[in-house]
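Take a look at the structure set out below.
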Amino acid sequence: MARPLRIEYPGAVYHITTRGNAKLKIFSDDRDRECFLSVLGSVIKRYNWLCHTYCLMDNHYHLMIETPDANISTGMRQLNGVYTQQYNRRHEKPFGTNPFSIFQF
15 MARPLRIEYP GAVYHITTRG NAKLKIFSDD RDRECFLSVL GSVIKRYNWL
65 CHTYCLMDNH YHLMIETPDA NISTGMRQLN GVYTQQYNRR HEKPFGTNPF
115 SIFQF
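Residue numbering for the sequence shown follows the working numbering, beginning at 15 and increasing consecutively.
Printed below as a string of structure tokens:
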């Protein structure tokens, strides 16, 4: 079943949670967490978000994001896509051999 479309409007506040595909770890160690937070910081700047809080667990994360502009979908695609590429590169996961992202939405 597909996820319902997100309602987007300026000034919206979202509780976002994303977990690893098949509940696999998305953060193997603190370097992965630092990488994710670096990507998150870049996305926050690029999309003019306000991050009220975050929580990183081994196989999922939570964010509380406010979007002055209606751009949560675009920003989340950037966040998860860039982090997935960096994670796969660091952990030497070959691109194209697994049809699934590390994330499950």
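Just so you know, even glycine gets a beta-carbon here, dropped at the ideal spot from N, CA and C. Since the structure is predicted, the reported quantities are computational estimates derived from the model, not experimental observations.
Annotated three-state conformation of residue 33 is strand, per DSSP. In the DSSP assignment, residue 68 falls within the beta strand (DSSP E) that extends over 64-70. Taking the C-beta atoms as reference points, residue 57 is found no nearer than 8 Å to residue 99. Two segments are said to touch when three or more pairs of C-beta atoms, one from each, lie closer than 8 Å; by this definition the stretch 77-84 does not touch the stretch 44-53.
Counting the other Cβ atoms within 10 Å of the Cβ of residue 19 gives fewer than 16, which makes it exposed. Here residue 80 carries a strand assignment [DSSP, helix/strand/coil].
Residue range 44-61 is occupied by the alpha helix (DSSP H) that includes residue 58. With respect to residue 96, residue 53 sits close: the two C-beta atoms are nearer than 8 Å.
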